[in-house]
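Undergrad:
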Amino acid sequence: MNPKERKEDLYDREEELRSISEALNLRERLIIVYGIRRIGKTSLIRVSLGDYPHVLLDIRKLYFSENTVTMPLLVKYILEGFREQMKASEKLYLGLRDAISRIKGLRIGEIGIEIEPNAKVSLTDVLSGVNDWCEERGERFVFAFDEAQYLRFSNIRYDGIIAWAVDNLENLSFLLSGSEIGVLRDFLRIDEPGAPLFGRYRREVYVDRFTEEESFDFLHRGFRELGIEPKVGEIEDTLKTLDGIVGWLTLYGYMRAVRKLPHEDALAKVFEEGSKLVMEELDKVISPSRKRYLAIMKAVAHGSSSWSDIKAYVTARAGPIPDSRLDELLGNLIKYGYLEKNDEYRIPDPIVKHAVISS
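Numbered according to my numbering, the sequence shown spans residues 33 to 391.
1) Taking its Cβ as the centre, do 16 or more other Cβ atoms sit within 10 Å of A344, making it buried, or is it exposed?
2) Using a beta-carbon distance below 7 angstroms, is L106 in contact with chain C?
3) Could you give the distance in angstroms between the alpha-carbon of G113 and the alpha-carbon of F248?
4) Quick check: what's the CA-CA separation for A387 versus D218?
5) Excluding the 5 residues flanking A289 on each side, which residues of the same chain have their C-beta closer than 8 angstroms to its C-beta?
6) What residues are listed by DSSP as bridge partners for K330?
7) Check this for me: beta carbons of K17 and V65, under 7 angstroms apart or not?
8) Excluding the 5 residues flanking G137 on each side, which residues of the same chain have their C-beta closer than 7 angstroms to its C-beta?
9) From G335, D359, P354, L361, pick the residue whose C-alpha is nearest to that of R378; which is it?
10) Would you tell me roughly how many angstroms separate the C-alpha atoms of L276 and P225, rounded to the nearest one?
11) Can you pull the DSSP bridge partners for D90?
12) Taking E305 as part of the alpha helix (DSSP H), name the residues at either end of that continuous run.
13) For the alpha helix (DSSP H) holding V198, just list the boundary residues, first then last.
14) For S205, which of helix, strand or coil comes out of DSSP?
15) DSSP on F173, reduced to helix/strand/coil?
16) CB-CB under 8 angstroms to M33, same chain, minus the five flanking residues each way: which ones, in chain order?
17) Look up E224 in the DSSP assignment and say whether it is helix, strand or coil.
18) Since V215 and K373 are thought to touch, with beta carbons under 8 angstroms apart, how far apart are those beta carbons, to the nearest angstrom?
19) Nearest to R134 by CA position, among L204, V162, T270, is which residue?
20) Taking 7 angstroms as the threshold (C-beta atoms), are A176 and G210 in contact?
21) Within its chain, find whatever has a CB closer than 8 angstroms to the CB of F250; leave out the 5 residues flanking it on each side and keep chain order.
22) Please state whether DSSP places E148 in a helix, a strand or coil.
23) At which residue ranges does the region 249-303 contain complete alpha helix (DSSP H) runs of 4 or more residues, listed in the order of the chain?
24) Within a Cβ cutoff of 6 angstroms, which residues of the same chain sit near E236, ignoring the five residues on either side of it in sequence?
25) Let me know the secondary structure DSSP gives E122 once reduced to three states.
26) Using 7 angstroms as the threshold, is the C-beta distance between L155 and L201 below it?
27) In angstroms with no decimal places, state the Cα-to-Cα distance between L178 and L94.
28) So, using beta-carbon positions, are I145 and L105 closer together than 7 angstroms?
29) Determine the closest residue to Y182 out of L220, W165, R172, with distance taken between C-alpha atoms.
30) Using CA coordinates, which residue listed in K301, R291, D240 is at the minimum distance from T270?
31) Could you tell me which residues DSSP puts in a beta bridge with E236?
32) Should P85 and F173 be called a contact, given that it needs their Cβ atoms to be closer than 7 angstroms?
Here is the structure:
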């Protein structure tokens, strides 16, 4: 259930791995990885980073603990990441601690690199220090920010800092990922003239759900490695139900192989535990207008796929709503990845659909 660390443990994703590895080998400075929740982005990133000196930070950890991402908090989180990497590979990170400790306000304490009391340590100073260390050793360092869209919850323009580093620190690469794809693009504003990152070259990698064939092979191979031979009909039923989303397929496999549950009980457990998780996540998004957001989601979950049908449902359940407000809420749900729209609106995650109907 934990993110994979080694390539041999990661199923497929050869094209995505190749693209990220190529970008790093070419010393490209900005890589952006998109994909909906539980599609396997974190495992892909961990494997891609390999032996590159790096820190991998989940920005949600900062936001959900403090409701903001201040610069001192982010710098502290980065230093904690340095410390963990040094423990794992002291030889690889030889000298980094000393290089960072030369920054005013940082010192080497008993437990590693620490920020001195009342010191105001700039993120740009830390990035510059790491860049200098790379220059001395001929290394490249990767700052990987998972769920990077949460950097927007700050009075600091982190997109500007990243743009400055991309322009000036040639030994650093930034790998940014996010499951709220539209929100991440809004934060980065990479297509907006005048925005800090506009016009910068970037490598964009999209992580999609498995195809039916890939999902079948993923489950069958996993069960075979554990000495289990499930019925073909059970796997086909699972694929039809969970729709190629790696996280849910993995949870189902855990319920069958580790918890030893029968097929139907395992699927039921995936929906039970998964629904709790997605509703906790969804509630954070819809809290500003929960009744209307939930009415929209319920409308789509129950089969309303057109704008007019959704409006009729929402009006009946939550009261009158201006067209502009409905458009805004629909757009937000698409940005956060809870809805998709091609010709029609749909919920891309079957567990989200089930959770909304059951709520």
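Quick reminder that beta carbons are idealized off the backbone N, C-alpha and C, glycines included.
TA: Concretely, from the data shown:
1) exposed
2) Among the chains of the structure shown, chain C does not appear; only one protein chain is present.
3) 37 angstroms
4) 27 angstroms
5) G254, F255, L258, I260
6) In the DSSP output, where bridge partners are listed per residue, K330 has none listed.
7) Within the shown structure, residues of the chain are numbered from 33 to 391, placing residue 17 beyond reach of any answer.
8) I147, E148, A151, K152, V153
9) G335
10) The sequence shown places Gly at residue 276, rather than the Leu named in the question. In a straight line, the C-alpha of G276 is about 37 angstroms away from that of P225.
11) D178
12) 295-318
13) 190-200
14) strand
15) strand
16) Per-residue confidence for M33 stands at a pLDDT of 49, beneath the threshold of 50, marking its modelled position as unreliable; no derived number is given.
17) coil
18) Wrong, their Cβ atoms sit about 16 angstroms apart, outside the cutoff.
19) V162
20) no
21) Y43, D44, F242, V278, L281
22) coil
23) 264-274, 278-289
24) I64
25) coil
26) no
27) Contrary to the premise, residue 178 reads as Asp rather than Leu in this sequence. Using only the alpha carbons, I get a separation of about 11 angstroms.
28) no
29) L220
30) K301
31) I64
32) yes
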